Amino acid sequence: MAAVSSLLLLLLAVAIHSAALALGQTVQVWSSCSPANFTPGGPYDTNLRGMLKDLVTVAVSYGGYGNDTAGGGSDQSYGLAICYADAPPEVCRLCLGMAAGNVTLACPRSTGAAMKYNNCLLRYANASFLARPDMVQRFSFYNNLTRAGDAAIYAAALRRLMDRLAPAAAASLRFFAFGRTNITGDQSLYGFAQCVADLSPDDCRRCLQRIAASLPIWTRGGRAYSQTCYTRFEVVPFYTPPNTCWNIWA
């Protein structure tokens, strides 16, 4: 019995530690609330809350992406949730749970809202927005360490990597791609690009190319987000690539 109790305590400690690590990796970076409001306790409110609960379950169950609707007519709600594939599954689950819980607190009566964390995005509205690309960079952040070495060589490596990642992600069944390129003989640059899965391949590619154009060449890493695509680069590996041909060399 003592051995069983010790094992349970160990498993609990591991679970708590994992949750703490996941929480530490999840940071809210952007949110937006529509100006139109709904009536609290009304049909749209009921549909929205039920849809958000189901949406997180769907996204976590289907590899980090899901969309859902609830209700009908003018009271219908539409939702989308995505986890970025450079984050592990436990971070995805926590991130979407936090987004679903916090978005209605940040936008308590809004008929539409979006909440973005560094590892996920949750979005809802009272009209369908699926398959519509958002080409506007909504948020970006950069490594505060400046890049080392020749600026022209570094800029060329970053441009080469991003030029390969955008079409590779657009051609992938899951709309994401990891990549790597050489800066110099002993230094590499690592990148990632992902779109929401409801975009067309052409819209995905154009979205990624648009936001990648804003990435700085003077830092050792950076990220840029719109509501429908995301890209990232670092001078150190930041992911465990899946066994897929979309792990590209540029």
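Okay, so the sequence shown: first residue is 1 according to the UniProt record's numbering, each after it adds one. All residues carry an ideal CB built from backbone N, CA and C; glycine is no exception. Keep in mind it's a predicted model, so treat the numbers as computed, not measured.
To the nearest angstrom, report how far apart residue i and residue j are at their CA atoms.
i: A22; j: A85; result: Note that A22 scores a pLDDT of 43, beneath 50, so its modelled location is shaky; the value from the coordinates is reported in the next line. Distance between the alpha carbons of A22 and A85: 14 Å.
i: F175; j: F233; result: 17 Å
i: L57; j: V236; result: For the record, residue 57 in the displayed sequence is Thr; it is not Leu. Rounded to the nearest angstrom, the two C-alpha atoms are 33 Å apart.
i: Y65; j: D163; result: 25 Å
i: T39; j: N143; result: 43 Å
i: M98; j: G71; result: 24 Å
i: P201; j: G79; result: 21 Å
i: G191; j: V103; result: 29 Å
i: F238; j: A197; result: 22 Å
i: L161; j: R210; result: 14 Å
i: G41; j: G73; result: 17 Å
i: S226; j: G179; result: 20 Å
i: G63; j: G149; result: 39 Å
i: I248; j: L94; result: 29 Å
i: F141; j: L215; result: 9 Å
i: S61; j: S32; result: 26 Å
i: K53; j: L96; result: 10 Å
i: C83; j: A177; result: 14 Å
i: V136; j: G50; result: 30 Å
i: L173; j: C195; result: 11 Å
i: V91; j: R159; result: 29 Å
i: P35; j: A193; result: 31 Å
i: P43; j: C120; result: 28 Å
i: D134; j: P89; result: 26 Å
Please tell me whether residue i and residue j are closer than 8 Å, where the distance is taken between their beta carbons.
i: L55; j: D45; result: no
i: A87; j: L122; result: no
i: F139; j: W218; result: no
i: A81; j: A106; result: no
i: L145; j: R220; result: yes
i: A157; j: L189; result: yes
i: Y124; j: T26; result: no
i: L199; j: T231; result: no
i: M115; j: Q187; result: no
i: N47; j: Q76; result: yes
Identify every residue that forms a DSSP beta bridge with residue i.
i: L122; result: A81, M115
i: L189; result: T181
i: T69; result: Y78
i: F176; result: Q194
i: I248; result: G179
i: S110; result: N37
Start and end of the beta strand (DSSP E) containing residue i?
i: A59; result: Not the beta strand (DSSP E): A59 falls in the alpha helix (DSSP H), residues 43–61.
i: R223; result: 221–225
i: Y230; result: 229–234
i: Y142; result: 139–142
i: W30; result: 28–33
For the alpha helix (DSSP H) that contains residue i, what are its first and last residues?
i: D203; result: 201–212
i: A104; result: A small fix is needed here, since residue 104 is Thr in this sequence, not Ala. Its alpha helix (DSSP H) spans residues 89–106.
i: R159; result: 151–171
Task: Sufficient close CB pairs (3 or more, under 8 Å) joining the stretch 98–111 to the stretch 200–213 - done: No, the stretch 98–111 is not in contact with the stretch 200–213.
Open item on the list: For the pair the stretch 140–156 and the stretch 173–184, tell me if three or more CB-CB distances fall below 8 Å.
Closed with: In this structure the stretch 140–156 lies against the stretch 173–184, because at least three pairs of beta carbons, one per stretch, are closer than 8 Å.
Open item on the list: Measuring CB atoms only, is the stretch 127–143 touching the stretch 164–173, in the sense that at least three cross pairs come out at less than 8 Å?
Closed with: No, they do not touch.
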